[in-house]
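Numbering (UniProt numbering), first residue to last: 1 to 175. Since the structure comes first, as structure tokens, the remarks are kept for the end.
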Ligand SMILES: [Cu+2]
């Protein structure tokens, strides 16, 4: 189940922009960013890897003033891509988010969810959410099939072990 939210209206007052984060940072919501370096040579999700409990809402916001980004689950129903989320889980696609726009999805089924940014998958802009942990009822492991993914994407996924050990994996800011 997912919804698209455009929280920052064009020319809208700063009040809404300031108030919104406080409203969504209730328990059960994790905030993720879509980021880019100043010259646009690097783009990434922050964090790239995140461990959450079942039922957590994930909220991505485009924090890159220079680019539009998407968060799109790997799923055959979305552009015929390989299945890289648990069987039976509902895939999501934010569509292009302009700077400061947000999108959220709530993940219930335990397992590994891989997603990508449509314009920047080739640049390795992918992310991995681990919901629950191995041993949870219905747990599904990460896909081992590379499918049609570009090497840059395959290399960018943090391992499930690393995500579970650290809770979150953040790529370093470029200098
Ligand atoms: Cu992107």
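Yeah, the Cβ is synthetic: ideal placement off N, Cα and C, and Gly gets one too. A quick note: this is a predicted structure, and the numbers were derived from the prediction, not measured.
- Between residue 116 and residue 85, the gap from beta carbon to beta carbon reaches 8 angstroms or more.
- With fewer than 16 neighbouring CB atoms inside 10 Å of its own CB, residue 137 falls in the exposed class.
- Taking the Cα positions, residue 128 is about 15 angstroms away from residue 145.
- Taking 7 angstroms as the cut-off, one finds at least one heavy atom of ligand 1 near enough to the beta carbon of residue 43.
- Counting of Cβ neighbours within 10 angstroms places residue 34 among the buried residues, the total reaching 16 or more.
- Rounded to the nearest whole angstrom, the CA to CA distance from residue 56 to residue 69 is 22 angstroms.
- Using a Cβ distance threshold of 8 angstroms, residue 47 and residue 32 count as a contacting pair.
- The Cβ atoms of residue 61 and residue 102 sit closer than 8 angstroms to each other.
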